[in-house]
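So the protein sequences, as listed, match chains V and R. For the first sequence, the working numbering gives the first residue as 1035, with consecutive numbering after it. For the second sequence, the working numbering gives the first residue as 274, with consecutive numbering after it. This report refers to the structure that appears directly beneath it.
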Amino acid sequence: MGQFREVTSGRRVVQKLYITIMLWFVGRAIVAAYKSDPEVRREFDTLPGGFTFSLGVLPVGPRMVIRKEQDGKVRYLGQGKGEVMDLDLTIKHMQAFFMILSFQESTSTANARARLYVDGGVPEACAVVRVLDVVQVHLLPKFIAKLAVKRYPAWSWTRHILVRSKVYLRTVTGI
Amino acid sequence: MYNPGYYEFYCGVKTVAGHHALERIPALLKELGASKPMIITDKGVAAAGLVTVVAQALEAGMPAVVVEDDVPVDSDVGTVHRIASVYLSKGCDALIAVGGGSVMDTAKGVNIVVSEEAENLLDFAGAGVLKRALKPLVAVPTTAGTGSEVTMVAVINDPSVNRKLLFTSHFLLPDIAVLDSRMTLTLPSHLTAATAMDAMTHAIEAYTCLSKNPISDAFAMEAVSLISRNLLSVVDRPDDQEGRLALAVAANLAGIAFSNSMVGMVHTLGHSVGGVCHVPHGTCMSILLPYGLEYNMHKNGRWTGELLYPIAGEAIYAATAVEKRADKAVACIRQFNQALFEATGGRHSRCFKEVLDAQGKPAVPREKLADIAQTALGDGSIFYNPEEVDFEDALMVMEAAWAGDPLDRSLVKTA
Ligand SMILES: [Fe+2]
């Protein structure tokens, strides 16, 4: 015994860092898309005021919390501070989440492979997944987004150029 | 073989099948340590004399302590609590559910309340809330369709908030499924047709949608084959015991396949037609099945094509060019619906404009199609459909299925 060195998985640390950053980015992008994209706004309009949801990793990995306030405004609450969730989208383990966030696997494929737990109302979960799809199309170049969604949407050029730049700008600046 | 990369498969139900399978229940319950079973059923099943058959089968070995036959068409929380209190007051220690989906769901709900000594069933709603095994539950299906004797889901209505509560847990799986040909022998032909097409849809969607895996595929293939070979002859000769048993086994296989691989847009739209217009589930399935396959064909045509083999048999499969097989499979399903329409004297509907409600009025008015398409977007099965379905897509498919025209596939939006 003793001749083997304890090895910490450097890869896992990098993955965790990447996921944390991506979640921060996606969280802000959802708020930005809500402000700029009519389709995302429509989806949020169907959710009740105070609706809070999170996207995260089991068992206690990083998460991202979004709330639609009573006045209708959508806010990104970072990792959350013990808010009661109406909807929890949880990925079973970090490796699986990494596959999704690095767009090696689409959200729907991940779900199909039973990597995604949905705790909450199904109609609301459907709406949130549609929002995530739109946000991905905004944020990613077409050749990657095509892997992330089932069907790359045929948007007008104004939506592709104008709305998308607004989403980018708002994601980065937070206004 | 298609390897999805990663998948999970589970089926923890012991299946007992035969022309005299019911007689085995006492011995099987004894193995599970039970001695005082309660029968849960509904008025229709009781009136058809099926509970008497079950009671007689139990008589010698382990007679039922009490029979509860007051389960509504849609299971609800109040009924669950009422039956649970009867169970407790009579000192029962096992449940035998005799009926269709609603009876099974009610029995699963009762089992949660009596096993967990729950004050309120609602505390156990959601996924994975149950943490330990429940009381022994025997499921005796009286329709060959839903497959709920092998699913881990219960849907129970909460009328106080007008909501459907979903319960999912491996512990909700019945311990034993009993498939006995006597239970479906008297099922009227149009119901036999509709419920079998529901089972057919479970198998076909499990085989062609996103969560398919090799184990489910094997179950689905055999289910499709059994239904294709037996349904028409059973509708023609309702007392065909062998055929009846084959359909019951097919529904069971299809249930196992779809509870592991899920279903797609045929169920997405079908649930929504059921919710908005109260059309029976099996009817929705038989009408929508060809449309779902056409809509997704550019994505999953290969799988649909493979299904031509169990649907039409070896000769037709071999005589059809590979790239034509998916279209041919859809055409065969339409022919099948047509044959069922004729064999049931028109009671098996081929499109939604033909469906009539209890008063003989059209059950699906065209003005409702937009409503149906909107409701469909909130159904979880939409996740598992190979192609994206938005409001316009859903409406386009519903328009075609309403009129009975094949889908114009050039209208399907692809990437
Ligand atoms: Fe079904």
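For every residue, glycine included, the Cβ atom is placed at its ideal position computed from N, Cα and C. It should be emphasised that the depicted structure is a prediction, and the values quoted were computed from it without experimental measurement.
What residues from chain R crowd round residue i, counting only those whose CB sits closer than 8 Å?
i	result
arginine 1185 of chain V	Glu660, Glu661, Lys686, Thr687 and Ala688
At a cut-off of 8 Å, would you count residue i as near ligand 1, judging by its Cβ distance to the nearest heavy atom?
i	result
valine 536 of chain R	yes
aspartate 652 of chain R	no
aspartate 666 of chain R	no
histidine 551 of chain R	no
cysteine 540 of chain R	The sequence given here places histidine at residue 540 of chain R; cysteine does not occur at that position. Yes, ligand 1 has a heavy atom inside 8 Å of this Cβ.
glycine 543 of chain R	yes
threonine 441 of chain R	no
histidine 621 of chain R	no
aspartate 378 of chain R	no
aspartate 681 of chain R	no
aspartate 347 of chain R	no
threonine 474 of chain R	yes
aspartate 471 of chain R	yes
threonine 419 of chain R	yes
methionine 669 of chain R	no
histidine 1172 of chain V	no
methionine 425 of chain R	no
methionine 311 of chain R	no
histidine 354 of chain R	no
methionine 558 of chain R	yes
histidine 554 of chain R	yes
Just curious, the alpha helix (DSSP H) that residue i is in, first and last residue?
i	result
glycine 1095 of chain V	First-last for glycine 1095 of chain V: undefined, no H or E at that position.
aspartate 1153 of chain V	Premise fails: aspartate 1153 of chain V lies in the beta strand (DSSP E), 1150-1154, not in any alpha helix (DSSP H).
serine 388 of chain R	374-389
histidine 1194 of chain V	Run containing histidine 1194 of chain V: none; DSSP gives neither H nor E here.
aspartate 509 of chain R	487-509
alanine 330 of chain R	323-332
glutamate 672 of chain R	664-676
threonine 541 of chain R	538-550
arginine 623 of chain R	No alpha helix (DSSP H) contains arginine 623 of chain R, which DSSP labels as neither H nor E.
tyrosine 590 of chain R	587-592
lysine 1115 of chain V	Looking at the DSSP string, lysine 1115 of chain V is not in any alpha helix (DSSP H), and its letter there is neither H nor E.
proline 1187 of chain V	No alpha helix (DSSP H) holds proline 1187 of chain V; DSSP gives it neither H nor E.
methionine 566 of chain R	The sequence shown places leucine at residue 566 of chain R, not methionine. Looking at the DSSP string, the run of the alpha helix (DSSP H) that includes leucine 566 of chain R is 554-579.
proline 1072 of chain V	1072-1079
asparagine 658 of chain R	Looking at the DSSP string, asparagine 658 of chain R is not in any alpha helix (DSSP H), and its letter there is neither H nor E.
alanine 519 of chain R	514-534
cysteine 605 of chain R	598-616
proline 299 of chain R	298-304
Output the boundary residues of the beta strand (DSSP E) element that contains residue i.
i	result
leucine 1121 of chain V	1121-1125
tyrosine 1224 of chain V	No answer is possible for residue 1224 of chain V: the residues shown for chain V start at 1035 and end at 1209.
glutamate 341 of chain R	339-341
methionine 311 of chain R	310-313
Using the DSSP secondary-structure output, state which residues sit across from residue i in a beta bridge.
i	result
valine 411 of chain R	R/Ile369 and R/Ile449
tyrosine 280 of chain R	Answer is none; tyrosine 280 of chain R lacks a bridge partner.
threonine 288 of chain R	R/Ala450
lysine 437 of chain R	R/Asn430
threonine 1086 of chain V	V/Arg1101
alanine 467 of chain R	BP columns for alanine 467 of chain R are empty, so no partner.
glycine 399 of chain R	R/Phe440
leucine 629 of chain R	R/Pro635
aspartate 349 of chain R	R/Asn430
Can you pull the chain V residues whose beta carbon is under 9 Å from the beta carbon of residue i, in chain order?
i	result
isoleucine 429 of chain R	The contacting residues do not exist; isoleucine 429 of chain R stays about 15 Å from chain V at best.
alanine 400 of chain R	Tyr1151, Val1152 and Asp1153
Since residue i meets chain V, which of its residues come closer than 7 Å, beta carbon to beta carbon?
i	result
alanine 676 of chain R	The contacting residues do not exist; alanine 676 of chain R stays about 25 Å from chain V at best.
leucine 580 of chain R	Going along chain V, no residue has its Cβ under 7 Å from leucine 580 of chain R, so there is no contact; the nearest lies around 19 Å.
glycine 651 of chain R	Val1156, Pro1157 and Cys1160
Just to make sure I have the definition right: I need the residues of chain R whose C-beta is within less than 9 Å of the C-beta of residue i. Which are they?
i	result
aspartate 1122 of chain V	What aspartate 1122 of chain V touches in chain R: nothing, since even the nearest Cβ is about 10 Å away.
alanine 1188 of chain V	Lys686 and Ala688
So which residues of chain V does residue i contact, with C-beta pairs closer than 8 Å?
i	result
leucine 542 of chain R	None at all; the shortest Cβ gap to chain V is about 14 Å.
glycine 565 of chain R	By Cβ distance, chain V contributes nothing, its closest Cβ being about 15 Å from glycine 565 of chain R, past 8 Å.
Taking 9 Å as the CB-CB cut-off, is residue i touching chain C?
i	result
lysine 1180 of chain V	No chain C appears in the structure shown, which is made up of the protein chains V and R.
I want to verify the contact list: residues of chain R whose CB lies under 7 Å from the CB of residue i, in sequence order.
i	result
isoleucine 1067 of chain V	Note that residue 1067 of chain V corresponds to alanine in the displayed sequence, not to isoleucine. Going along chain R, no residue has its Cβ under 7 Å from alanine 1067 of chain V, so there is no contact; the nearest lies around 17 Å.
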